[in-house]
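J.: Chain order of the listed sequences is A and B. The first sequence runs contiguously to residue 484 in the UniProt record's numbering. The second sequence runs contiguously to residue 621 in the UniProt record's numbering. Even for Gly, the Cβ is constructed at its ideal location relative to N, Cα and C. Let me give you the structure first, and then I'll get to my questions.
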Amino acid sequence: MQSMSDMDWGIMAPEWVIAIACALLIVVDLFLKNTASRRWIGFLSLLAVGMAGGWVITQFRHKSAMILDGAYILAPYTLIWKIILLTGAALVLLVSLGQEKKEYEPHEGEYYYLLLTAVLGGMIVVSTADLIGLYTGLELLSLSSYILVGIQKKKNRSNEAAWKYVVLGGVSSAFILYGMSFLYGLTGTTHVGEIQKQLSQVGSSYEAYVYLSFFLMMVGFGFKLASAPFHTWAPDVYQGAPTPITSFLAIVSKSVTFALVLIVYMAYAGPYGEFQEDMIILFMIMATLSMIIGNTVALRQTNVKRMMAYSSIAHAGYVLVAVATGNQILIPIVFFYLFVYLFMTIGVFAVIALVAEQEKSEDLKAFAGLYHRSPLLALSMSVFLLSLAGIPVTAGFFGKFYIIMGALELNHIWLIAVMIVTTIISYYYYFAVIRQMYFRRPASSDPVRVSWPMKVAIGISLIATMGIGIMPQFVLETLQSLLR
Amino acid sequence: MNKDWFVLLVLLPPLLAFLLMVAGRRILSKRMTSLFGVLSTGISLVFSLVLLVSSLRSGVSLPDWEFTWLTLDKKPIQFGVTLQPLNVLMLVIVSLVSFLVHIYSSGYMKDDERFTVFYSYLALFTFSMLGLVISPNLLQIYIFWELVGVCSFLLVGFWYFKPEAKRAAQKAFIVTRIGDIGLFIAIAMIFAKIGSFELHDLKGAIEAGKLSSGMITLFAILIFIGAVGKSGQFPLHTWLPDAMEGPTPVSALIHAATMVAAGVYLVANTFWLFQASSVAMDVIAYVGGFTAIFAATIGIAQTDIKRILAYSTVSQLGYMMLALGSVGYVAGVFHLMTHAFFKALLFLAAGAVIVSLHHEQDIRKMGGLWKKNKGLGWLFLIGCLSIAGIPPFSGFFSKDEILLSVYANGRYGLFIVGVIAAFLTAFYMFRLFFKVFAGSHEPKTARVPWSMTGPMIVLAILSAVAGFIQFPTHFLETWLITGGMKSLHGPESIAWIPVLAVIVSLLGISLAYLMYGVNKWDSRRVAQAVPWLHQCLVRKYYVDEMYHSLIVLPLKGFGWLLQVWDRYVIDGLVQLCGWISMRVGKIGSTLQNGQAQTYALISVVSFVILIVSLLAGRLFG
């Protein structure tokens with residue numbers, strides 16, 4: 001066993017950067033006068049995220065390594081996960097900084113460093129292969145998110161959302177822990193690699209427990225993914241949370257949970273893949289339900305954030321289709337989709353935040369005539385929505401295209417059919433927003449004010465969404481070559 | 001020196017200008033806008049010329065480059081650039097005319113409120129057209145082909161508050177779309193057959209004999225249908241005269257010099273495909289020849305200055321097709337180039353006439369402009385002499401080459417058609433010239449600004465001298481057929497053909513002079529002598545009316561039937577689908593009652609159902 005001082009702690013530098021920044025900012029916030037502006041704490045957080053991201057990029061040259069007895073892994077896939085998380089966090093921070101009137105005014109300092117702890121939790125999850133590490137990271141992320149959702153203490157809706165999120169989140173954590181405990185009981189270890197070895201030997205004699213543990217965990221993960229039938233919390237929470245936090249939940253929390261699903265799935269996949277088939281069926285059921293429920297219920301929503309919650313449920317379903325194909329080759333496609341999803345979703349939420357702030361309404365009608373007020377903003381929103389809908393030739397289209405091609409190889413015809421039909425249904429509600437923006441008269445003719453951090457966030461999202469749409473092969477090949 | 005990336009400096013400035021103008025359409029002043037437009041196309045022009053020089057110097061085609069955009073079913077779909085001499089020549093023509101038209105527009109459009117919008121469309125068009133002429137594969141060609149179509153639509157309908165302009169824009173879009181369908185089917189079939197969009201792959205497949213001759217003919221004719229639509233060949237020519245509702249600089253750039261020549265370019269660019277099928281060559285030659293004479297006769301009886309030029313364009317494009325169909329590759333491309341110069345000149349001059357006569361377009365109300373504006377008269381005259389084919393103006397040389405190719409190819413009937421069309425061309429052009437400039441009439445004129453005169457002078461010089469790149473040395477030919485096109489040497493010249501052409505043109509001019517210059521013969525009496533013929537020509541052979549009664553009305557009736565079917569059967573099905581979706585959505589949302597207990601219960605119940613069903617499936621399955 002390595003001694004603590006021998007270990008190459010340097011490979012954990014990105015996590016250290018975030019942790020140290022977080023600790024410093026907490027102390028600074030404590031000593032700052034109540035009336036002082038906390039805005040620069042946000043910029044420092046952004047700086048920390050940027051530094052961590054830069055460091056992660058340099059680590060691609062580092063060869064794969066493990067420390068802490070394999071509890072912390074540095075490998076290309078952990079780095080890509082971290083890039084997704086940090087990009088998402090950076091954009092969420094930009095959107096937060098760009099809001100003119102903060103929805104969480106007296107707690108602005110806390111808001112920023114809680115975002116950092118949440119990201120830190122996510123980074124721990126994606127870079128560990130130990131049940132303890134996974135659980136701790138997940139809880140760090142979840143607990144920070146609970147507070148962030150309820151940070152507007154004076155708003156009833158926000159309080160209700162936070163309360164539901166805590167209670168239901170607690171239930172899901174219990175499921176996950178219960179499932180993990182079976183796994184530990186069966187194998188006597190918490191390390192995923194070890195578990196995999198053990199399960200392939202003893203698993204067949206304890207089949208019921210193996211399934212039970214997996215199903216229990218998947219209930220918990222399904223909750224965190226906001227995938228049907230465990231999605232029920234999402235609409236209320238997405239609607240009640242401050243808009244940037246909603247996008248954080250949709251992007252960062254979801255991505256982290258997908259990482260978790262893939263890691264845990266590895267434990268069961270084993271060399272012989274005895275359990276694989278039934279697990280894939282579970283993924284397929286969840287994917288189908290998510291796509292159907294997400295896309296149909298979204299049709300009836302008039303609150304844009306609530307609509308986006310259902311859209312996000314549907315998108316979890318699409319990614320689950322890729323996961324359900326259970327094929328290592330499809331990992332780059334999952335990454336590709338999450339990247340695409342990240343940019344288009346942040347873009348949509350940034351525009352929602354702007355419009356909602358100006359119109360004091362999150363209703364669909366707030367978007368009426370946006371084209372006549374701020375044509376560029378409406379145009380960007382259209383690009384994001386078209387991409388979410390998966391209209392060719394956008395980034396979102398290629399995301400779905402690759403998933404369908406992957407599923408086609410494994411002959412999951414009915415899954416593809418569901419995906420295509422529900423995608424077509426989804427056009428209806430995405431186009432409802434576009435229709436409002438272009439064909440309805442605006443209530444006022446003043447252009448929407450867009451602060452510069454918002455401009456940066458929307459600009460980056462727009463360029464990325466269009467760029468990936470134009471050169472999808474390049475992005476996919478880059479991901480593939482990084483993972484090789 | 002590696003000049004690969006120079007082509008990006010040709011392509012990107014107009015795109016950049018377009019984006020800038022769209023972004024800044026509220027803040028950019030007219031001055032800034034025109035400056036951006038002129039500057040961007042100027043940069044394009046400079047680098048096109050650099051490419052031209054290096055292409056001439058290297059003697060062979062410049063290196064191509066491509067990158068893979070997508071992999072479809074293991075077949076790479078690529079984007080790239082190809083710089084054969086033909087592509088480079090087109091780059092120069094497009095960027096040059098576009099540059100001049102950008103300058104001209106700053107004068108012509110100066111009072112228009114939507115000045116910036118106009119310039120942004122022009123810039124987008126320039127970008128698309130440049131992209132079209134360097135595309136190495138059919139998919140890319142198709143994308144840019146449609147883009148120029150969209151720009152043409154936007155610009156024809158630029159004055160959308162005029163109902164004629166709106167209708168003309170729609171017509172232009174729909175009629176060319178008919179041709180585009182042919183092209184699209186060709187592209188789809190080629191991809192299905194050889195698994196690639198690349199032109200060199202198609203060429204390879206033909207050379208290797210992988211395609212049956214029937215297949216080749218089919219591909220060639222489908223591609224030609226696309227060219228017919230774009231280049232206004234009979235029977236899809238009807239949109240082009242109507243497109244004259246657009247601003248005059250647009251007519252000069254898009255509907256005379258560049259976009260309408262895209263069809264000719266497409267045929268020239270895939271010439272090896274057409275050569276492999278004698279049927280296809282016949283089709284091109286006959287369609288081209290017929291269009292040339294058909295449009296020329298209509299041109300005689302029109303009274304709108306721009307429409308006369310439009311029919312002349314259709315007729316000249318027919319000439320180019322005729323040349324290509326008679327294996328006159330160089331002759332067709334040569335005429336494309338000279339035509340771009342003199343027809344752009346004529347349109348710009350017509351625009352100047354229209355401006356100076358306070359937006360009058362009817363030539364019956366014109367006359368005596370020569371006395372008022374001699375400079376403009378000379379410029380217009382140079383254009384007319386060039387198109388009529390009087391030496392030493394450029395039109396003479398290119399038309400001579402075409403007639404020579406047709407004769408050498410043994411198509412004597414079409415040769416006679418070509419000669420008659422040449423006579424008609426000279427006649428209607430000088431009818432136009434005398435109507436506008438001759439006469440004792442003293443019109444009140446407005447001043448023509450320098451920004452409009454300058455580009456015309458440049459084009460006039462080019463129209464006058466451009467012929468000499470092919471005479472006395474066959475410089476253009478030597479350059480164009482470097483690489484794999486050695487077999488396309490033009491025929492040896494025959495002395496009596498140019499003499500005949502000049503005599504015929506002079507006859508046409510003299511006739512026009514007698515009828516309209518000095519009014520020796522009363523043109524109305526001629527028209528009254530054969531009233532039915534005159535009426536037939538004025539109504540353009542009733543082609544539009546025929547389309548209306550043969551195609552539009554039956555289609556409308558059919559459409560009505562379909563509408564009934566659609567409204568009651570299809571719509572019912574759609575409503576049903578929507579209703580089911582909504583229903584499912586409703587069930588989903590009734591579960592969403594806001595109670596956290598219910599939410600948790602749903603999760604637990606789902607969990608139990610899932611695990612029970614799967615275990616049951618395993619036990620009994």
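1. Give me, in chain order, the residues of the same chain whose beta-carbon lies closer than 7 Å to that of B/L52; leave out the 5 immediate sequence neighbours on both sides.
2. Between the region 210 to 222 of chain A and chain B, which residues of the former have a C-beta closer than 9 Å to a C-beta of the latter?
3. By the three-class DSSP mapping on this structure, what secondary structure does A/D69 have?
4. What residues in the region 280 to 291 of chain A bring their beta carbon closer than 8 Å to a beta carbon of chain B?
5. Any C-beta of chain B sitting closer than 8 Å to the C-beta of A/L168?
6. Should B/W532 be labelled buried (16 or more other beta-carbon atoms within 10 Å of its own) or exposed?
7. Which residue spans inside the region 74 to 118 of chain A form an unbroken alpha helix (DSSP H) run of at least 4?
8. Compute the distance between the beta-carbons of A/L186 and A/Y113, then report whether it is under 8 Å.
9. Since A/I176 meets chain B, which of its residues come closer than 7 Å, beta carbon to beta carbon?
10. Should residue 622 of chain B be labelled buried (16 or more other beta-carbon atoms within 10 Å of its own) or exposed?
11. When you compare the CB positions of B/F18 and B/L124, do they come within less than 8 Å of one another, or not?
12. By DSSP, does A/I458 sit in helix, in strand, or in coil?
13. Just to confirm, are A/S151 and A/A267 a CB contact at a threshold of 8 Å?
14. Roughly how far, in whole angstroms, is the beta-carbon of B/S451 from the beta-carbon of B/I185, given that I think they are within contact range, below 8 Å?
15. Going along chain A, which residues have a C-beta under 9 Å from B/W450?
16. In whole angstroms, what is the alpha-carbon distance linking B/L20 and A/V95?
17. Taking just the CA atoms, how far does A/L249 sit from A/V383?
18. Return the CA-CA distance between A/A368 and A/Q436, expressed in angstroms with no decimal places.
19. Check the DSSP bridge columns for B/G80 and list the partner residues they point to.
20. So which residues of chain A does B/T71 contact, with C-beta pairs closer than 7 Å?
21. Consider the Cβ of B/M1: report whether some Cβ of chain A lies at a distance smaller than 8 Å.
22. Taking the alpha helix (DSSP H) that A/P14 belongs to, which residues open and close that run?
23. Flag B/Y311 as yes if its beta-carbon sits less than 8 Å from any beta-carbon of chain A, otherwise no.
24. Whole angstroms are fine: how far does the CA of B/V81 sit from the CA of B/G131?
25. Classify B/H237 as helix, strand or coil using the three-state DSSP reduction.
26. From this set, A/L120, A/L376, A/N156, which residue's C-alpha is nearest A/L141's C-alpha?
27. Work out the CA separation of B/I570 and B/A192 for me, nearest whole Å.
28. Ends of the alpha helix (DSSP H) at B/H200?
29. Classify B/Q595: buried if its beta carbon has 16 or more other beta carbons within 10 angstroms, exposed otherwise.
30. Would you say the region 352 to 372 of chain A touches the region 317 to 327 of chain A, given that touching needs at least three Cβ pairs under 8 Å?
31. In the region 234 to 254 of chain A, which residues sit with their C-beta less than 9 Å from some C-beta in chain B, listed in chain order?
32. Check whether the Cβ of A/T296 lies closer than 8 Å to any Cβ atom in chain B.
33. So, with DSSP's three-state summary, where would you put B/M1?
34. Where do the N-terminal and C-terminal ends of the alpha helix (DSSP H) with B/M452 fall, by residue?
35. Which two residues bound the contiguous alpha helix (DSSP H) that contains B/A262?
36. Measure the alpha-carbon distance for A/R157 versus A/V171 and round it to whole angstroms.
T.: Taking the coordinates as given:
1. The residue given as residue 52 of chain B occupies position 52 in the second sequence. Taken in chain order, the residues that qualify are V88, V92.
2. Within the region 210 to 222 of chain A, the qualifying residues are Y211, L212, F215, L216, M218, V219, G222.
3. Reading the first sequence from its first residue, position 69 is the one you call residue 69 of chain A. When secondary structure is reduced to three states using DSSP, A/D69 falls in the coil class, being assigned neither helix nor strand.
4. Residues I281, L282, I285.
5. Taking the first sequence and counting its residues from 1, the one referred to as residue 168 of chain A is at position 168. Closer than 8 Å to some Cβ of chain B, the Cβ of A/L168 qualifies, so yes.
6. Along the second sequence, read from residue 1 onward, the residue named residue 532 of chain B stands at position 532. With fewer than 16 other beta carbons inside 10 angstroms of its own, B/W532 counts as exposed.
7. Runs of the alpha helix (DSSP H) inside the region 74 to 118 of chain A: 76 to 98.
8. Taking the first residue of the first sequence as position 1, residue 186 of chain A is located at position 186. Taking the first residue of the first sequence as position 1, residue 113 of chain A is located at position 113. Cβ atoms of A/L186 and A/Y113: not closer than 8 Å.
9. Counted from its first residue, the first sequence places residue 176 of chain A at position 176. Neighbours of A/I176 on chain B: none; closest Cβ ~12 Å, over 7 Å.
10. With chain B represented from 1 up to 621, any question about residue 622 of chain B goes unanswered, as that position is not in the structure.
11. Residue 18 of chain B sits at position 18 when you count from the first residue of the second sequence. Residue 124 of chain B sits at position 124 when you count from the first residue of the second sequence. Against a cut-off of 8 Å, the Cβ pair of B/L124 and B/F18 comes out as a contact.
12. Locating residue 458 of chain A in the first sequence gives position 458, where the first residue counts as 1. In the structure shown, the three-state DSSP call for A/I458 is helix.
13. The sequence position of residue 151 of chain A within the first sequence is 151, counting from 1. The sequence position of residue 267 of chain A within the first sequence is 267, counting from 1. The sequence as given places Ile at residue 151 of chain A; Ser does not occur at that position. No, the Cβ-Cβ distance between A/I151 and A/A267 is not below 8 Å.
14. Translated into the one-based positions of the second sequence, residue 451 of chain B becomes position 451. Translated into the one-based positions of the second sequence, residue 185 of chain B becomes position 185. Actually they are not in contact, since the Cβ atoms of B/S451 and B/I185 sit about 44 Å apart, beyond 8 Å.
15. Here residue 450 of chain B refers to the residue found at position 450 when the second sequence is read from its first residue. Per Cβ cutoff of 9 Å: no residues; B/W450 is ~35 Å from chain A at best.
16. By one-based count along the second sequence, residue 20 of chain B stands at place 20. By one-based count along the first sequence, residue 95 of chain A stands at place 95. For B/L20 and A/V95, the distance between alpha carbons rounds to 25 Å.
17. Your numbering for residue 383 of chain A matches position 383 in the first sequence. Your numbering for residue 249 of chain A matches position 249 in the first sequence. Straight-line Cα distance between these residues: approximately 22 Å.
18. Taking the first sequence and counting its residues from 1, the one referred to as residue 368 of chain A is at position 368. Taking the first sequence and counting its residues from 1, the one referred to as residue 436 of chain A is at position 436. Just so you know, the alpha carbons of A/A368 and A/Q436 end up roughly 5 Å apart.
19. Against the second sequence, residue 80 of chain B aligns to sequence position 80. Secondary-structure assignment with DSSP links B/G80 through a beta bridge to B/E66.
20. For the purposes of this step, residue 71 of chain B is taken as residue 71 along the second sequence, with counting starting at 1. Contact note: B/T71 reaches chain A through Q473, using a C-beta cutoff of 7 Å and chain order.
21. Numbered from its first residue, the second sequence carries residue 1 of chain B at position 1. Reliability of the predicted coordinates at B/M1 is poor, the pLDDT of 44 falling under 50, and no value is obtained from them.
22. Counting from 1 along the first sequence, the entry for residue 14 of chain A is found at position 14. Going by DSSP, A/P14 is part of the alpha helix (DSSP H) stretching over 13 to 31.
23. Numbered from its first residue, the second sequence carries residue 311 of chain B at position 311. With 8 Å as the cut-off, B/Y311 does not count as an interface residue toward chain A.
24. Here the question's residue 131 of chain B lines up with position 131 in the second sequence. Here the question's residue 81 of chain B lines up with position 81 in the second sequence. For B/G131 and B/V81, the distance between alpha carbons rounds to 9 Å.
25. By one-based count along the second sequence, residue 237 of chain B stands at place 237. Coil at B/H237, not helix or strand.
26. Locating residue 141 of chain A in the first sequence gives position 141, where the first residue counts as 1. Sorting A/L120, A/L376, A/N156 by C-alpha distance to the C-alpha of A/L141 places A/L120 at the top.
27. Locating residue 192 of chain B in the second sequence gives position 192, counting from the first residue. Locating residue 570 of chain B in the second sequence gives position 570, counting from the first residue. Taking the straight line joining both Cα atoms gives about 31 Å.
28. By one-based count along the second sequence, residue 200 of chain B stands at place 200. Here the alpha helix (DSSP H) through B/H200 covers 199 to 207.
29. For the purposes of this step, residue 595 of chain B is taken as residue 595 along the second sequence, with counting starting at 1. That one is exposed.
30. The region 352 to 372 of chain A is not in contact with the region 317 to 327 of chain A.
31. Residues passing the 9 Å Cβ filter: P235, D236.
32. The residue you call residue 296 of chain A lines up with position 296 of the first sequence. It does; some Cβ of chain B falls within 8 Å.
33. Stepping through the second sequence from its first residue, residue 1 of chain B is reached at position 1. Because B/M1 carries a pLDDT of 44, less than 50, the predicted location of this residue cannot be relied on, and no value is offered for it.
34. Your numbering for residue 452 of chain B matches position 452 in the second sequence. Note, B/M452: alpha helix (DSSP H), 450 to 465.
35. In the second sequence, residue 262 of chain B corresponds to position 262, counting from 1. Its alpha helix (DSSP H) spans residues 262 to 269.
36. Position 157 of the first sequence holds residue 157 of chain A. Position 171 of the first sequence holds residue 171 of chain A. A straight line joining the alpha-carbon of A/R157 with that of A/V171 spans about 21 Å.
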